[in-house]
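In structure tokens:
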């Protein structure tokens, strides 16, 4: 371990050296990447607000207001002007938070997920003490909604649909899953994070 820190110049030189070994996402060496290069304005906006804490509205009122505006705008875009939510750092955090909310709201501990779900659901289950029930996929690689419906019990906290699977970009039948969720009175979480 070093006894004293390095100069800012030395730290930046080391970072540049290390990232040079990464595969350029838009080169012949990468068939595809689910992490597109963000526009410069997004990088600047992130830099401006990166030390803000939306949980401390007394100090970071502007960050909390921006979050509310973004959620309202997204809700309107999706025909739900009364949408509620939270802006999180990534899909993994979103999935963990959604299952945490479903578990705490329902008091139940089983979650039905498509076989195509992101690994973060298994992480969430481990962290939250949930049991995962894996639903098979149909020949078109979407979740078998009939299987999901049959597997719902009085222990089911949530069912999950994927709107853009990691491997193939496939979108499950969210409308059918929504009908099942309403009929069976269970929470539906749609994982629409990509990248």
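Residue numbers (our numbering): 934 to 1128.
Just so it is clear, CB atoms sit at the ideal spot from N, CA and C, and this is done for glycine as well.
Query                                                                                                                                                                   : Result
Along the chain, where does the beta strand (DSSP E) that runs through residue 1089 open and close?                                                                     : 1089–1095
Does the pairing of the region 1081–1100 with the region 1027–1042 give three or more beta-carbon distances under 8 Å?                                                  : yes
Hey, how far is the Cα of residue 976 from the Cα of residue 1083?                                                                                                      : 45 Å
So residue 1114 and residue 1097 are supposed to be a Cβ contact under 8 Å. How far apart are they, rounded?                                                            : In fact, because the Cβ distance is near 19 Å, the residues do not count as touching under 8 Å.
Given residue 944, which residues of its chain have a CB within under 6 Å of its CB, disregarding the five upstream and five downstream residues?                       : none
When the Cβ atoms of the region 995–1009 are set against those of the region 1019–1027, are three or more pairs found closer than 8 Å?                                  : yes
State the start and end residues of the unbroken alpha helix (DSSP H) segment that holds residue 1055.                                                                  : 1053–1061
Closest to residue 1068 by CA distance: which of 1057, 993, 1095, 1056 is it?                                                                                           : 1095
Rounded to the nearest angstrom, what separates residue 1110 and residue 1093 at their Cα positions?                                                                    : 8 Å
Could you spell out the range, first to last residue, of the alpha helix (DSSP H) harbouring residue 1080?                                                              : 1078–1084
Can you have a look at residue 1023 and say buried or exposed, based on whether 16 or more other CB atoms are within 10 angstroms of its CB?                            : exposed
Between residue 1076 and residue 940, what straight-line distance do the alpha-carbon atoms span, to the nearest angstrom?                                              : 52 Å
Going by DSSP, what residue range makes up the alpha helix (DSSP H) through residue 954?                                                                                : Per DSSP, residue 954 belongs to no alpha helix (DSSP H) and is neither H nor E.
If you check the beta carbons only, do residue 987 and residue 981 fall under 7 Å apart?                                                                                : no
Taking a contact to mean a Cβ-Cβ separation below 7 Å, would you say residue 1063 touches residue 1033 in this structure?                                               : no
Leaving out five residues before and five after residue 947 in sequence, what residues of the same chain have Cβ atoms less than 8 Å from its Cβ?                       : 939
Can you find the residues in the same chain that come closer than 6 Å, C-beta to C-beta, to residue 1051, ignoring five residues on each side of it along the sequence? : 1099
Which class does residue 1074 belong to by DSSP, given the choice of helix, strand or coil?                                                                             : coil
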